[in-house]
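In our numbering, the protein residues as written are -8 to 136.
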Amino acid sequence: MKVLNWIWVAMAVLGLIAVRVVESEIFYDPFQAFFHLANKHASFPDFKWFPLILNYFFRFSLNLIFSAAVVYLIFKNKKWTLQAVVLMVIVFAITFPIYLYCIHTKFEIGYLFSFYMRRFVIQPLILLLIIPLFYYRAHIQKLNL
-8 MKVLNWIWVA
2 MAVLGLIAVR
12 VVESEIFYDP
22 FQAFFHLANK
32 HASFPDFKWF
42 PLILNYFFRF
52 SLNLIFSAAV
62 VYLIFKNKKW
72 TLQAVVLMVI
82 VFAITFPIYL
92 YCIHTKFEIG
102 YLFSFYMRRF
112 VIQPLILLLI
122 IPLFYYRAHI
132 QKLNL
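Here's what the structure looks like:
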């Protein structure tokens, strides 16, 4: 890859990092402090459902945009980028309702389980699986040519 392309990849990754760094300022998430305490006996925070859900969707959208940019800039393949976006949306569509159920039951399903469901909702963890998967795919395609 050219140097300029790597700079764009770095900027997209910095975008993902920026979402994480400014999370407490721009997103409504009363569970951030709850999980930051790392105490399963901490009091369950008061929250409002609509702003909470709206902010999780907003955060997911930002992470999705930056993640799609990373995938596109690394592999320069629109079809793969679309596949990556679909995979990320599927993971979110599975984990988000589970996390909302965890909130609804006040994390009775398990503190650590709820913690990790939240991680899949708010962090682009699937990107860490997609990049090696697509790299392997690209390598296999080169061998078959």
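Glycine included, every Cβ here is placed at the ideal spot set by N, Cα and C.
Checklist entry - Arg109 and Phe38: beta carbons closer than 8 Å? => result The sequence position of residue 109 within the sequence shown is 118, counting from 1. The sequence position of residue 38 within the sequence shown is 47, counting from 1. Against a cut-off of 8 Å, the Cβ pair of Phe38 and Arg109 comes out as no contact.
Checklist entry - So, is Phe48 buried or exposed, given that buried needs 16 or more other C-beta atoms within 10 angstroms? => result Walking along the sequence shown from the start, residue 48 turns up at place 57. By the 10 Å Cβ count, Phe48 comes out exposed.
Item to check | Assigned exposure category for Asn54 - 16 Cβ within 10 Å defines buried | outcome: Working through the sequence shown from its first residue, we reach residue 54 at position 63. Around the beta carbon of Asn54, 16 or more other beta carbons lie within 10 angstroms, which makes this residue buried.
Checklist entry - Nearest to Thr72 by CA position, among Leu118, Val10, Val13, Leu45, is which residue? => result Here the question's residue 72 lines up with position 81 in the sequence shown. Of the listed residues, the one whose Cα sits closest to Thr72 is Leu118.
Next on the checklist: Between which residues of its own chain and Ile89 is the CB-CB distance below 8 Å, once the five residues before and five after are set aside?
Outcome noted: Here residue 89 refers to the residue found at position 98 of the sequence shown. The beta carbon of Ile89 sits closer than 8 Å to the beta carbons of Met108 from its chain, once the five residues preceding and following it are set aside; these are given in chain order.
Item to check | At least three beta-carbon pairs within less than 8 Å, the segment 115 to 134 to the segment 62 to 79 | outcome: The segment 115 to 134 vs the segment 62 to 79: in contact.
Checklist entry - If you follow the alpha helix (DSSP H) that Val158 is part of, which residue opens it and which one closes it? => result Shown here, the chain extends from -8 to 136; a query on residue 158 therefore has no answer.
Next on the checklist: Taking only three categories from DSSP, how would you classify Leu73?
Outcome noted: Here residue 73 refers to the residue found at position 82 of the sequence shown. Secondary structure of Leu73 (DSSP, three-state): helix.
Next on the checklist: Comparing C-alpha positions only, which one of Phe98, Leu134, Leu120, Ile113 sits nearest to Ile44?
Outcome noted: For the purposes of this step, residue 44 is taken as residue 53 along the sequence shown, with counting starting at 1. Ranking Phe98, Leu134, Leu120, Ile113 by Cα distance to Ile44 puts Ile113 first.
Checklist entry - Measuring CA to CA, which of Ala75, Phe18, Phe35 is closest to Leu124? => result Residue 124 sits at position 133 when you count from the first residue of the sequence shown. Checking every option, the nearest Cα to that of Leu124 belongs to Ala75.
Checklist entry - Would Arg50 pass as a contact of Phe18 if the rule is Cβ separation under 8 Å? => result Here residue 50 refers to the residue found at position 59 of the sequence shown. Here residue 18 refers to the residue found at position 27 of the sequence shown. A contact, by the Cβ cut-off of 8 Å.
Item to check | Own chain residues within Cβ distance below 7 Å of Ala59, not counting five before or after | outcome: Here residue 59 corresponds to residue number 68 of the sequence shown, with the count starting at 1. Apart from the 5 residues on each side of it in sequence, Ala59 sits with its Cβ closer than 7 Å to the Cβ of Thr72, Ala75, Val76 in its chain, given in chain order.
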